[in-house]
Each structure stands twice: as structure tokens, then as C-alpha cells.
Amino acid sequence: MGNLVSQCVATSGAGGARPPPLVVGPDGSRRSVEEEDTGVAELMIDAPGHVVARASDVARDRRVRAMAADELLRAGEVYLLVPAGRAGARLGDREVEAIGSLVSGKKKSRKSRHAGGKVFPVVVNGEKDALAQGKEALCAGKRAQDHHGLGHRQWRPALDTIYEA
526 MGNLVSQCVA TSGAGGARPP PLVVGPDGSR RSVEEEDTGV AELMIDAPGH
576 VVARASDVAR DRRVRAMAAD ELLRAGEVYL LVPAGRAGAR LGDREVEAIG
626 SLVSGKKKSR KSRHAGGKVF PVVVNGEKDA LAQGKEALCA GKRAQDHHGL
676 GHRQWRPALD TIYEA
């Protein structure tokens, strides 16, 4: 009896431990992150040119929102590695459906499954090679910047003659 905290920690068998964070690459590959306190910055260093998005947020908002580099990955969450050109882009119905199935963890029937369970339809259908995908992502990012006024506008001075009176 007393108010000393015990050194023994009771853990429940199967229900106590949460699964590690799951990271889905742009090609549909899945890997779980075993290290504790893994940050978004570490994933972005491992995959240059990509940003990390929380799959549950992407499925809910239908928009790819990049996470801040200083955020930590949470156990039991699913994260997506998305090309930087797709950050901020709106997703189509098939993309959201594929991501939603990742988040819920439900398996589809074998018949309705697309080629290998990939995340994005561009990769699923195999319509474009890697060079075309890179160009498209770059163009999509450029169009988004132009549309939202976020692009860099170069300064062009007007060189007119100054007349003195």
C-alpha cells in the first residue's frame, strides 16, 4: 500500500499492440515501418521527389495534402508516398476507392481487383511509361500553380527612355 508507482506494466495479449505504420509507395508496394519515432522527413529522404500523405485524410478530403516534414508517423496508420507534382491535386473516384480500401483494410474479391492492387489508376492501367508519368506530374503541378497563382512570376523591367525637360 502506498503511492509508489509500480515498475510492472501489464500488457494485454493481442489487443494491446497496434500494428506499425504502413507506407504505400507510388508503385503500390507496401512496407511497414518498424522503427519507433520515424518522421516524415526520413521517408522523403528515402524517396526523393515524393511527399507523404495520410491515407485516411486523402480518402476523406479527396485531395492529396502533403504532411509537414517534422511530423511523426503514428502506429496503425496508412501513409502514401505521392510524387511531389501530385501534392494538392484532386483525386478521381477510382483513386479514392483504392485508397479507401487501403485505409479500411478490407480485401476486394479477386475478380474486381485491378492489376496487382496498385494505388493510382495511371499505374494500374500501365498506359504510360515512367518518362511520360514524370512529365504528366510535372505538368499537373505547373497547371495547379498557374491556376492558384502560386507560381513564380519573373520580374521583367520596362526599359524606357527617360526624357528630361
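Sequence positions in the sequence shown follow our numbering and run 526 to 690. Think of the CB as a built atom: it goes at the ideal place given N, C-alpha and C, for glycine as much as any other residue. Treat the numbers as computed from the prediction; the structure is a model and nothing was measured.
Neighbourhood of residue i by C-beta, 6 Å cutoff - its chain only, sequence neighbours within 5 removed
i, result
"E559", "P545"
"I624", "A580, V583, A584"
"L656", "The predicted position of L656 is uncertain, since its pLDDT is 47 and thus under 50; no value can be drawn from it."
"D595", "none"
Residue i burial status per 10 Å Cβ neighbour count (16 or more: buried)
i, result
"A542", "exposed"
"A593", "exposed"
"R611", "buried"
"Y688", "exposed"
"P573", "exposed"
"A600", "exposed"
"A683", "exposed"
"E620", "buried"
"L598", "buried"
Contact under 9 Å by Cβ, residue i with residue j
i, j, result
"G613", "A591", "yes"
"V603", "L627", "yes"
"R556", "V548", "yes"
"L606", "L568", "yes"
"V577", "P608", "no"
Beta bridge counterpart(s) of residue i as assigned by DSSP
i, result
"G564", "L597"
"V607", "V576"
"R590", "R590 pairs with nothing; no bridge assigned."
"R615", "R588"
Same chain, Cβ closer than 8 Å to residue i, five either side skipped, listed in chain order
i, result
"R635", "Reliability fails at R635, whose pLDDT of 47 lies under 50, so the model's placement of it is uncertain and the value that follows must be treated cautiously. Excluding positions up to five away in sequence, the list is empty."
Chain-order list of residues whose beta-carbon lies under 7 Å from that of residue i (same chain, five-residue window excluded)
i, result
"A690", "none"
"D562", "L597"
Terminal residues of the alpha helix (DSSP H) in which residue i lies
i, result
"L547", "Unbroken run through L547 is the beta strand (DSSP E), 547-549; no alpha helix (DSSP H)."
Start-to-end residues for the beta strand (DSSP E) that takes in residue i
i, result
"R555", "555-557"
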